[in-house]
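Chains as they are written, first to last, in this note's numbering: chain A, 1 to 291; chain B, 1001 to 1434. Don't be surprised by glycine CBs; every beta carbon is placed ideally from N, CA and C.
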Amino acid sequence: MGGKWNKSSLIGWQFVALPSALILLFSFYPMIQSFILSFQSGKGSVYSYVGIDNYIRLFSDPMFKQAVLNTLLYLIIQVPIMLFLGLIIAHLLNMPNLRFKGFYRTAIFLPCVTSLVSYAVLFKSIFSLDGIANQMLTSLHIINEPIAWLMDPIWARVVIIAAITWRWTGYNMIFYLSAMQNIDPSIYEAASIDGASKIRQFFTITIPMLKPILLFTAIISTNGTLQLFDEVVNITNGGPGNSTMTISQYIYNLSFQYTPNFGYAATVSYAIVIIVAVLALLQLKVGGEKR
Amino acid sequence: MKKVLSLLLLVSLTATLLAACGSNKNDSNAGNTSDSGSAKQKVVAWAWDPSFNGAALKIAEELYQRENPNFELEIVDMARTDLEQKLNTNLASGVKKGLPDIILVNDPNIQKYVTAYPNTFAEFTDKVDFSQFSQYKVDALTIDNKVYGVPFDIGVTGLFYRTDYLEQAGFTAADLENITWDEYIEIGKVVKEKTGKYMSTINPNDEALTSVLLQSGGSWYITPDNKGNFVNNPVMTETLRVYKAISDSGIAKPVTGWSEFVGSFNSGDVATVVSGVWQIASIMDAKDQSGKWAVAPTPKLNIEQGVNASNEGGSSWFVLEGTANKDLAIDFLAKTIGGSSEFYERFLTENGGVGSFIPAFSSEAYSQTSEFFSGQAIYSDFTKWSTVVPGISLGMYTQEAKDALKNELPNILNGSDLTQSLANIQKHFEQQVQ
């Protein structure tokens, strides 16, 4: 038996070997290198080891704090809104007597196929001072003076949150929809017979059944929001006054806009890794199966 | 049998992969080292605008080929941010293969590059007669008494204005000659009242205006020894006072980006634009506004050292140390962009580019008048102003300092105590740069 096991597993290992080698070379090796880099500091090509000084520096760096604050703000406000919207839309699309299902589904998923940069540029022009948003609001007499959306710290954040919600809601909706279609209709039937209202069914059947998917989308959305870059760079470029700057943009600035300090930039990258890990763990603890 | 087959597959796959890597390497080698021994001598240059700095290289190549028929220049065009990213990553990784011989550098990056990547850029100190260039351009290239490149285009600023709007508001050209910013604001209020047009644009997320104001007073965001220059700096205080005054007066149309900024004067929304000489091309894009524009000297700060001239942007040519054709590249730049009046005349006539080479200023090309600008000899005016632009050290941390300022700017515009705000900015900058 032993010989046979060895032979077949050898063939298996051969198939796995090449991809593994490539992953090791192009994924894990850079990770380790950047981790080593995060203990160095300097300018451009002149580096020296500074121990954990870079990590200590994070705590006194006002720009980093601002970036973390902005990113967490997006996370706390945007992710719940987006996931809840996705859930509602998926539920509506899953109603058996809805007509033109295919059309709605395509329409809502469509933003996901647009390029990040091009939709960001569109949002920027919609919310410029003489953009469509202001024209519509003034012609409807909701506002008298055009709002300088992207020049006000609060409104600029609102625009960013609106943009990412528009782009990603459909993406999450697809996950929910496919999961909902896997729920056995007889469960709902039984609930109806027992006299549960539609809303009651949604909260006590649909949501609990979707728990693993909800957890999955929450983690990938958290991860995606923490790495937010394209939208902010193109819509506000971090402004006004750094009030929309994200951690990723700060890493970019440290490497390419400021006097290059790749060591410190690597440290900030690892700060994201730590934050993502902690948040994912937290979500797993709160939402995961209790065993 | 199966085992042999799968092994074979594996081996062939690995082989092709390795072969691909290998051939790649050979390619980049061949591209870089070029055949310096044989007849053709090829130099590679990176630039970011084929109709401007790329075109300038083409002119220079033509001029140089007259005496060196074997000389050949390969110009690689890419977006400026791409170029800077590529250069940064290449230099930081220490891999110099694939880098060109000549590279275009944005002036605020000069000191940053030279300090962050020592022994990477070739020295030009004795290769070019720098006394023939505007002093402030040479100052920007000088680090520890060594000059690291050839000055290229300049961004000497002027006050572009719509003669028709100003006339309608009751102002003549003489009213705009050598004014202060406070006078500018007063004129703006009248223009706004009589024509309904904004005087200028304002973008709180862009440092162009504050940079122009600071340099016109001979100051910058950071000191020559790379410390924050926000506290106890009368030029900075005056700059932010003027900036707030413009914002408060309501004469400026808020814009959020470059295209909105250009759109504001192309569509006739604003009466004036304070910008670098290179803005001429964008202004002239609005063909229907021909004959309705003129240029006056930049308004000045109301302080002792304020002058009616400043600078916005500009770039220089660098040669990389250690490439095979370093000496040839230096000679090429020194004889053309670094010392040929003919080059600058052609560059101006063909591409509207203004350099800082003083002997060219007295040439015919520079004294031409422009129909678009109401028959004004705009280039000779701009070059005249360029000789009085105060020289400043751009230092290493310009971008960091600008971001520190940007952080506090909304508070300043909302009327916070300026001294306190400046102290905050200084503190922010010091925490940021370690």
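In the displayed model, L1073(B) falls within a strand according to three-state DSSP. V1255(B) places its beta carbon 7 Å or farther from that of T1210(B).
For the stretch 1393-1407 of chain B, residues whose beta-carbon sits nearer than 7 Å to a beta-carbon of chain A comprise M1396, Y1397, Q1399, E1400, D1403, K1406 and N1407. At least one CB of chain A lies nearer than 7 Å to the CB of A1116(B).
DSSP lists G1355(B) as the beta-bridge partner residues of D1153(B). Interface with chain B (7 Å Cβ-Cβ cutoff): A163(A) is excluded.
Neighbourhood of N1266(B) in chain A, by CB distance below 7 Å: empty, with the nearest CB roughly 14 Å away. In this structure P1390(B) is not in contact with Y1161(B), their Cβ atoms being roughly 23 Å apart against a cut-off of 8 Å. In this structure, Y176(A) is the residue among T222(A), Y176(A) and T246(A) with its C-alpha nearest to the C-alpha of P212(A).
For the stretch 1085-1098 of chain B, the set of residues with a beta-carbon nearer than 9 Å to any beta-carbon of chain A comprises Q1085, N1088, T1089, L1091, A1092, S1093 and G1094, in chain order.
Take the alpha-carbon of D1077(B) and the one of A1047(B): they are about 5 Å apart. Two segments are said to touch when three or more pairs of C-beta atoms, one from each, lie closer than 8 Å; by this definition the stretch 265-277 of chain A touches the stretch 32-49 of chain A.
In the three-state reduction of the DSSP assignment, N1106(B) falls in the strand class, which pools E and B. Taking a beta-carbon distance threshold of 7 Å, Q1432(B) counts as an interface residue toward chain A. Taking a Cβ-Cβ cut-off of 9 Å, the neighbours of L1409(B) in chain A comprise P240 and G241, given in sequence order. Chain A places no beta carbon closer than 7 Å to that of E1123(B), leaving this residue out of the contacts. Residues of chain B with a Cβ closer than 7 Å to the Cβ of P153(A) are, in chain order, P1410. At least one beta carbon of chain A lies nearer than 7 Å to the beta carbon of P1204(B). In this structure, V1156(B) places its C-beta atom within 7 Å of the C-beta atom of N1311(B). The beta carbon of A120(A) sits no closer than 7 Å to any beta carbon of chain B. Residue burial annotation: F84(A) is exposed, with fewer than 16 other C-beta atoms found within 10 angstroms of its C-beta. Burial check for M95(A): the Cβ neighbour count within 10 Å stays below 16, so the residue is exposed. Taking 9 Å as the Cβ-Cβ cut-off, the stretch 253-278 of chain A approaches chain B at N253, S255, F256, Q257, Y258, T259, P260, N261, F262 and Y264, given in chain order. Listed along chain B, the residues sitting closer than 9 Å to M63(A) by beta-carbon distance are E1400, D1403, A1404, N1407, H1428, Q1431 and Q1432. A residue is called buried once 16 or more other Cβ atoms fall within 10 Å of its Cβ, and L282(A), having fewer, is exposed.
Under the three-state reduction of DSSP output, W1220(B) falls in the coil class, being neither helix nor strand. In the same chain as S1340(B), and ignoring 5 residues on each side of it, the C-beta atoms closer than 7 Å to its own belong to L1063, in chain order.
By DSSP's assignment, L1159(B) forms a beta bridge with V1274(B) and A1296(B). Around the beta carbon of Y1198(B), 16 or more other beta carbons sit within 10 angstroms, so the residue counts as buried. Residues of chain A with a Cβ closer than 9 Å to the Cβ of P1224(B) do not exist, since the nearest Cβ in that chain sits about 15 Å away. Excluding its 5 nearest sequence neighbours in each direction, A1245(B) has C-beta neighbours in its own chain below 8 Å: W1181, D1182 and I1185, listed in chain order.
Shown here, W168(A) sits in a helix according to DSSP, grouped into three states.
Neighbours of L150(A) in chain B, taken as residues at a C-beta separation under 7 Å, are given in chain order as T1256.
Within the stretch 96-127 of chain A, the residues whose Cβ lies closer than 8 Å to some Cβ of chain B are K124, listed in chain order. Annotation for Y1136(B): no beta strand (DSSP E) segment contains it, though the alpha helix (DSSP H) segment containing it runs Q1135 to L1141. Counting only Cβ-Cβ distances below 8 Å, R57(A) has contacts in chain B at Q1434, in chain order.
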